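> First to last, the sequence lines map onto chains A and B. One point on numbering: in the numbering used here, the residue at position 30 of the first sequence is 90, and numbering is uninterrupted. One point on numbering: in the numbering used here, the residue at position 24 of the second sequence is 636, and numbering is uninterrupted. Think of the CB as a built atom: it goes at the ideal place given N, C-alpha and C, for glycine as much as any other residue. Owing to the predicted nature of the structure, the values given are computational and were not obtained by experimental measurement. Sharing a structure, written as structure tokens. Questions coming.
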Amino acid sequence: MSETVTTPPAYVAPAGRSLFEPHRLVLMAIFGVLVFCIIWFMRWDWLPRYSAKLVSGIGESLLMLFATSFVGFLLAVPIGLAQVAGPRLLKWLSVLFCTVIRGTPLLLQLWLLYYGLGSIFAQYPEIRQSFLWPYLRQAWPYGFLALTLSFAAYEGEVMRGAFAGVPRGELEAADSFGMSRFQTFWRIWLPRAIHRALPTLNGDTVLQLKSTPLIATITVVDVYGVISRVRQDTYLTYEPLLLLALIYLCLTGILVYVFRKLENRIPTRGV
Amino acid sequence: MATAATQSVFSLLALDSPGWGGVMLWGFAHSLQLAIGGYTLGLIIGIGGACAKLYGGPILRDLMEIYTTLIRAIPELVLMLLLYYAGTDALSQLLAALGYGAVDIDALTAGIFVIGVVQGAYSTEILRGAIKAVPIGQIEAARAFGMSPLQVLRRVTLPAMLPHAIPGLANLWMIATKDTALLAVIGFSELTLVTRQAAGSTKAYMLFFLAAGALYLALTLVSNVVIGLIEKRARRGLTRTA
Chain A
61 MSETVTTPPA YVAPAGRSLF EPHRLVLMAI FGVLVFCIIW FMRWDWLPRY
111 SAKLVSGIGE SLLMLFATSF VGFLLAVPIG LAQVAGPRLL KWLSVLFCTV
161 IRGTPLLLQL WLLYYGLGSI FAQYPEIRQS FLWPYLRQAW PYGFLALTLS
211 FAAYEGEVMR GAFAGVPRGE LEAADSFGMS RFQTFWRIWL PRAIHRALPT
261 LNGDTVLQLK STPLIATITV VDVYGVISRV RQDTYLTYEP LLLLALIYLC
311 LTGILVYVFR KLENRIPTRG V
Chain B
613 MATAATQSVF SLLALDSPGW GGVMLWGFAH SLQLAIGGYT LGLIIGIGGA
663 CAKLYGGPIL RDLMEIYTTL IRAIPELVLM LLLYYAGTDA LSQLLAALGY
713 GAVDIDALTA GIFVIGVVQG AYSTEILRGA IKAVPIGQIE AARAFGMSPL
763 QVLRRVTLPA MLPHAIPGLA NLWMIATKDT ALLAVIGFSE LTLVTRQAAG
813 STKAYMLFFL AAGALYLALT LVSNVVIGLI EKRARRGLTR TA
């Protein structure tokens with residue numbers, strides 16, 4: 061009995077509450093009427109014309125999300141590691157990086173890179189004639205860079221905690237098996253740290269989704285950019301924004317659902 | 613020659629009219645006002661929301677659940693646009709219906725409202741968790757002494773939950789200061805938008821964006837120090853956990 065350690069689940073749904081209690085049915089009816097009014101009385105005739113663009117916009121947003129999260133995470137591992145085990149200079153540099161990125165708004169970083177770096181690049185003929193220039197003239201590399209750096213800084217902090225939290229005994233065990241430092245890191249330290257950080261990483265990926273619309277402010281045409289275009293074309297205020305909110309709601313819901321499935325397959329809570 | 617060039621670059625940051633330093637500080641003050649106002653409003657909503665979620669009736673609980681879920685699932689930028697238009701629209705129509713005529717809602721109030729509503733959802737969750745961490749016996753003891761629910765809240769629940777809530781609330785304050793920048797997209801002239809205007813008209817993009825970054829960073833660092841002091845005070849008498 062004393063040897064079985066049961067970890068409480070992260071969230072226990074309140075008992076005895078079903079979806080079909082009377083007050084919930086009434087609330088659902090009210091929301092149903094509300095949704096019906098929104099569909100019936102507001103203007104949605106623009107929707108078919110923009111549906112193809114909307115789909116490609118959603119694709120762009122998701123591409124940005126996964127690309128920046130992936131590259132950002134790859135950067136976060138060395139940043140976290142440097143803070144835990146790096147030499148003093150690297151440690152200091154990564155702490156500085158995390159503090160600066162986490163201490164300033166993402167929108168400012170985005171505009172600094174796009175307008176600032178963009179204007180500096182344009183001054184140098186060497187850069188303008190290089191093969192990179194067709195890319196550097198576009199907006200998405202700057203959006204990609206800003207989102208990646210932001211994700212790297214936040215996750216670097218998470219990975220620092222995760223690396224520091226791996227029990228010493230496991231690393232010592234690896235050492236006594238005769239593994240080299242690199243092997244220890246690759247086989248024990250990194251997998252265990254990722255394992256511990258997984259719930260936080262998943263949550264932060266959802267947060268990253270909510271940062272992606274910012275890149276529309278530097279003319280990247282993601283789903284927010286498409287909606288802005290609709291608003292300019294049709295002079296409608298609410299309808300496009302409501303649709304946009306609905307789209308993000310669905311995307312967030314899907315992401316959360318997928319991550320929960322993943323987490324259930326790899327039990328991580330309480331390790 | 614080089615010194616003359618650097619001098620002319622930094623004279624762009626001068627406080628007086630040809631320089632943009634004064635304008636930027638003014639924008640910074642606006643950002644601060646927004647952050648403080650929005651954060652305070654968010655806290656008030658959060659306390660109400662947490663109590664509603666914990667002690668309210670079934671309908672109130674469900675409504676609060678919808679509120680927090682919706683706000684936390686939709687990007688802040690989209691929410692701010694929606695709330696900004698919908699909020700100002702609804703308020704001016706309400707005032708018109710009450711017979712006050714067409715009233716222009718000033719941007720600062722609208723901005724504080726928008727940030728407050730967004731922050732309210734997050735602080736509801738933080739405060740709910742913190743209140744649940746207060747031993748139930750303390751609250752029952754307060755009730756046994758014959759305190760009214762408001763007295764229990766003010767004398768026992770809020771002070772006792774504070775150490776549990778402070779890390780989350782501190783984080784939320786950091787988010788509030790950075791979320792004010794999103795209002796630049798709506799056209800509210802806070803620090804980020806002012807910076808962009810200054811940079812656009814002088815073409816010294818790097819200088820102005822870096823200066824604004826330094827201001828935000830300074831705010832974060834000062835906040836960190838103050839939060840550390842508050843946390844130390846709120847945790848007095850508690851055993852160290854870490």
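Could you tell me which whole alpha helix (DSSP H) segments of length 4 or greater appear in the segment 755 to 816 of chain B?
For the segment 755 to 816 of chain B, whole alpha helix (DSSP H) runs of length 4 or above, ordered along the chain, are 761 to 764, 770 to 791, 795 to 798 and 803 to 814.
> Output, in sequence order along the chain, the residues in the segment 138 to 159 of chain A whose CB is closer than 7 Å to any CB in chain B.
Within the segment 138 to 159 of chain A, no residue has a Cβ that lies closer than 7 Å to any Cβ of chain B.
> Which residue's Cα is closest to the Cα of Leu-123 (chain A): A:Val-93, A:Met-102 and A:Pro-273?
Checked all of A:Val-93, A:Met-102 and A:Pro-273; the closest Cα to Leu-123 (chain A) is A:Pro-273.
> With 9 Å as the C-beta to C-beta threshold (strictly closer), list the residues of the segment 178 to 199 of chain A near chain B in chain order.
If the cut-off is 9 Å between Cβ atoms, the segment 178 to 199 of chain A has Gly-178, Ser-179 and Ile-180 near chain B.
> Measuring alpha carbon to alpha carbon, tell me which of B:Ala-753, B:Glu-843 and B:Thr-769 ends up nearest Tyr-667 (chain B).
That would be B:Thr-769, whose Cα lies nearest to the Cα of Tyr-667 (chain B).
> State the DSSP-derived secondary structure class of Ile-727 (chain B), mapped to helix, strand or coil.
The answer is helix: DSSP assigns Ile-727 (chain B) an H, G or I state.
> Here's the rule I'm using: 16 or more other beta-carbon atoms within 10 Å means buried, otherwise exposed. How should Met-613 (chain B) be labelled?
The predicted position of Met-613 (chain B) is uncertain, since its pLDDT is 43 and thus under 50; a value taken from the coordinates is nonetheless stated next. Burial call: exposed.
> Please state whether the Cβ-Cβ distance between Gly-799 (chain B) and Gly-732 (chain B) is less than 8 Å.
No, the Cβ-Cβ distance between Gly-799 (chain B) and Gly-732 (chain B) is not below 8 Å.
> At a Cβ threshold of 8 Å, is Arg-228 (chain A) touching chain B?
No - not a single Cβ of chain B is within 8 Å of the one on Arg-228 (chain A).
> Does the Cβ of Ala-722 (chain B) have 16 or more other Cβ atoms within 10 Å, making it buried, or fewer, making it exposed?
Under this definition Ala-722 (chain B) is a buried residue.
> So, helix, strand or coil for Ser-190 (chain A), using DSSP?
Residue state, collapsed to three classes: coil.
> What first and last residue would you give for the alpha helix (DSSP H) that runs through Pro-300 (chain A)?
Per DSSP, Pro-300 (chain A) belongs to the alpha helix (DSSP H) from 298 to 325.
> How big is the Cα-Cα spacing for Phe-211 (chain A) and Leu-261 (chain A)?
Those two C-alpha atoms are separated by around 10 Å.
> Below 8 Å, how does it come out for the segment 122 to 142 of chain A and the segment 175 to 186 of chain A: are there three or more Cβ pairs, yes or no?
Verdict: no, contact absent.
> Which parts of the segment 658 to 705 of chain B are runs of the alpha helix (DSSP H), unbroken and 4 residues or longer, counting only runs that do not cross its ends?
Taking only runs of at least 4 residues, the alpha helix (DSSP H) segments lying wholly in the segment 658 to 705 of chain B are 670 to 685.
> Any idea if Trp-632 (chain B) is buried or exposed, counting beta-carbon neighbours within 10 angstroms, 16 or more meaning buried?
Trp-632 (chain B) comes out buried.
> Considering only the beta carbon of each residue, do Leu-156 (chain A) and Ala-206 (chain A) sit closer than 8 Å?
No, these two residues do not count as a Cβ contact at 8 Å.
> Where does Asp-282 (chain A) sit, in a helix, a strand or coil, going by DSSP?
Asp-282 (chain A) falls in the coil class under three-state DSSP.
> Is Ala-70 (chain A) helix, strand or coil when you go by DSSP?
In this predicted model, Ala-70 (chain A) has a pLDDT of only 48, less than 50, meaning its place in the structure is not dependable; the value taken from the coordinates is given anyway. If DSSP states are grouped into helix, strand and coil, Ala-70 (chain A) belongs with coil.
> Tell me which residues share the same chain as Ala-199 (chain A) and place their Cβ nearer than 6 Å to its Cβ, disregarding the 5 neighbours each side in the sequence.
Around Ala-199 (chain A): Ile-278, Thr-279 and Val-280.
> At least one CB of chain B closer than 8 Å to the CB of Ala-70 (chain A): is that the case?
Because Ala-70 (chain A) sits at a pLDDT of 48, beneath the cut-off of 50, its placement in the model cannot be relied upon, and the point is left open.
> Measuring only the C-alpha atoms, how far is Gln-292 (chain A) from Gly-285 (chain A)?
Spanning the two alpha carbons is a distance of roughly 11 Å.
> Under the rule that 16 or more other beta-carbon atoms within 10 Å means buried, what is Tyr-174 (chain A), buried or exposed?
Per the 10 Å Cβ criterion, buried.
> Mind checking if Lys-815 (chain B) is an interface residue toward chain A, Cβ cutoff 8 Å exclusive?
Judged by the 8 Å Cβ criterion, Lys-815 (chain B) is in contact with chain A.
> With DSSP as the reference, label Pro-185 (chain A) as helix, strand or coil.
Three-state result, Pro-185 (chain A): helix.
> Going along chain A, which residues have a C-beta under 7 Å from Pro-687 (chain B)?
The answer, in chain order, is Lys-270, Pro-273 and Tyr-308.
> For Thr-312 (chain A), return the contacting residues in chain B, with the cut-off set at a CB-CB distance below 7 Å.
Those within 7 Å of Thr-312 (chain A) in chain B are Ala-685.
> With DSSP as the reference, label Phe-640 (chain B) as helix, strand or coil.
Phe-640 (chain B): helix per DSSP, three-state reduction.
> Taking only beta carbons into account, state which residues of the segment 673 to 684 of chain B come closer than 8 Å to chain A, listed in chain order.
Correct list: Asp-674, Leu-675 and Leu-682.
> Against chain A, with Cβ distances strictly below 8 Å, would Val-635 (chain B) count as a contact?
Output row for Val-635 (chain B): interface = no.
> Would you verify that the beta carbon of Phe-101 (chain A) is, or is not, closer than 8 Å to some beta carbon of chain B?
Chain B contact via Cβ: absent.
> Could you check if Leu-141 (chain A) is buried or exposed, using at least 16 other CB atoms within 10 Å of its CB as the buried criterion?
Buried, because 16 or more other Cβ atoms sit within 10 Å of the Cβ of Leu-141 (chain A).
> Which first and last residues belong to the alpha helix (DSSP H) in which Gly-92 (chain A) is found?
82 to 101 is the extent of the alpha helix (DSSP H) around Gly-92 (chain A).
> If you check the beta carbons only, do Val-726 (chain B) and Leu-695 (chain B) fall under 8 Å apart?
A contact, by the Cβ cut-off of 8 Å.
> So is Ser-121 (chain A) buried or exposed if we call it buried at 16+ other beta carbons inside 10 Å?
Buried, since its Cβ has 16 or more Cβ neighbours within 10 Å.
> Check whether the Cβ atoms of Ser-643 (chain B) and Glu-843 (chain B) sit closer than 8 Å, and answer yes or no.
The answer is no: Cβ separation not under 8 Å.
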